[in-house]
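Chemist: Under full-length UniProt numbering, the first residue of the sequence shown is numbered 1, with each subsequent residue one higher.
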Amino acid sequence: MPSLNPTAGNLKTLVEKVPADTRIQMLNLLRFNAHAEYPSGHDVSPCSGREAYARYLRAVTDKMAAAGATILLQGKALHTLIAPQGEQWDQVLIFEYPSLSAFLSLLDDEEYTAAAVHRTAALMDSRLVCTTAVDAH
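1) So, do the stretch 83 to 92 and the stretch 11 to 21 have three or more beta carbon pairs nearer to each other than 8 Å?
2) Please report the Cβ distance between leucine 128 and asparagine 28, rounded to the nearest whole angstrom; I am assuming they are in contact, meaning their Cβ atoms lie under 8 Å.
3) Let me confirm a value: serine 126 is counted as buried when at least 16 other C-beta atoms fall within 10 Å, else exposed. Which label applies?
4) Considering arginine 58, what are the terminal residues of the alpha helix (DSSP H) in which it resides?
5) Thinking C-alpha only, which one of Ala69, Pro84, Thr120 and Leu73 is nearest leucine 104?
6) Enumerated in chain order, which unbroken segments of the alpha helix (DSSP H) with a length of 4 residues or greater are wholly contained in the stretch 101 to 132?
7) Below 8 Å on the Cβ atoms is my contact criterion, and I expect tyrosine 97 with valine 60 to pass it. Report the Cβ-Cβ distance as a whole number of Å.
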């Protein structure tokens, strides 16, 4: 079953596990639809899933920057070496936020949530993993 958006339960658990002031990185694994699947009633020109995701990024860039988010990595996934059979991804993104609170503030922003329709239309499946840096020593 595809995973496209966080559930209320997953967000509640995240808030319980991660202190609000923790600097976080959000690892995004993305598999795109061949053709974006917008809900009926959305007046947008047809495009590929990859193009719809680009629309999403263009629409949210200013909001993310205002929240202090930066892109640490945006790359094309070439091959998954360790995963269940058949699990492949098209793109990997890592966003860094100054805090969990900064990330959550985006989810409450009306303009951001309106733009997320492009993300949902773009994706066949995704993973979003909240991480924080650790000292390598």
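For each residue, glycine too, the CB sits at the ideal point set by N, CA and C.
Modeler: Based on what the coordinates show:
1) no
2) 6 Å
3) buried
4) 49 to 66
5) Ala69
6) 110 to 122
7) Actually they do not touch by this definition, with Cβ atoms about 13 Å apart.
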